[in-house]
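In our numbering, the protein residues as written are 1214 to 1414. For glycine and all other residues, C-beta sits at the position ideal for the given N, C-alpha and C.
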Amino acid sequence: MLVKDTAITARIPPISRFSDEKTIPDNDKLNAPRIKVAINTGINTAKNTPPLYKLLWDNFIDGVNMASAIVPSIIAIGLIGLLLEKHTPVFDLLGIILYPFTLIGGLSEPMTVAKGLSSGLAEMFLPALLLAKADLLTRYVTAVVSVSGVVFFSAMIPCVLATKIPLSVGKMVLIWFIRVALSIVLASWFGHLAMMMGWLG
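Structure follows, in structure tokens:
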């Protein structure tokens, strides 16, 4: 599903409108045989590598720093997402947009499923939490869509905005919608087939 979603999404706007041009650096290494360059690079890297204990310690510190930076944002956005779901119609409105796709997918209670899946824009695991008591097919589709949606406010969107990648919030939300819509339809159809074949259940 992930491969199909990515293959389709990359060929339609907004991603398809990005330039494919790339700047090739003027480097003598590019004219040398690749195997030779790879071996020399590996040898130089091995020579300059610090001791193992220092590598392990540095990686541990980097992991702690990353976790301390990411976990609070995930918790905060996840809590905001839950509050929005419980006390506002935000995800109800997003669910209306996704409703045709859950209906095409033949899911039970398509509007409820659409509203639950729409919460994935805030945090990728919210749909799994909100639809945990649904039937097996819906839970399968929820699992697939949660992973293949990729774009969400608790991690991916802030990370992209911190880079030089020319993607605005609006474009990323559009990419999220396209990926989720495709994932719902493809995962639903595959889920129906899997249940008929006895692979699910």
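In the three-state scheme derived from DSSP, where H, G and I count as helix and E and B as strand, residue 1386 is classed as helix.
Sequence-distant partners of residue 1389 (beyond 5 residues in either direction) whose C-beta falls short of 7 Å from its own C-beta, in its chain, are 1334, 1362, 1364. Straight through space, the alpha carbons of residue 1405 and residue 1387 are spaced by roughly 27 Å. Here DSSP, grouped into helix, strand and coil, assigns residue 1357 to helix. For residue 1323, same chain residues with a beta-carbon under 8 Å away, outside a window of 5 residues either side, are 1312, 1315, 1316 in chain order. According to the DSSP assignment, residue 1341 belongs to the alpha helix (DSSP H) that extends over 1339 to 1343.
Rounded to the nearest angstrom, the gap between the Cα atoms of residue 1309 and residue 1329 is 11 Å. The Cβ atoms of residue 1304 and residue 1331 lie closer than 7 Å to each other. Less than 7 Å separates the beta-carbon of residue 1218 from that of residue 1392. Residue 1298 carries a helical assignment under DSSP once its states are collapsed to helix, strand and coil. Straight through space, the alpha carbons of residue 1222 and residue 1283 are spaced by roughly 27 Å.
Under the three-state reduction of DSSP, residue 1276 is assigned to helix.
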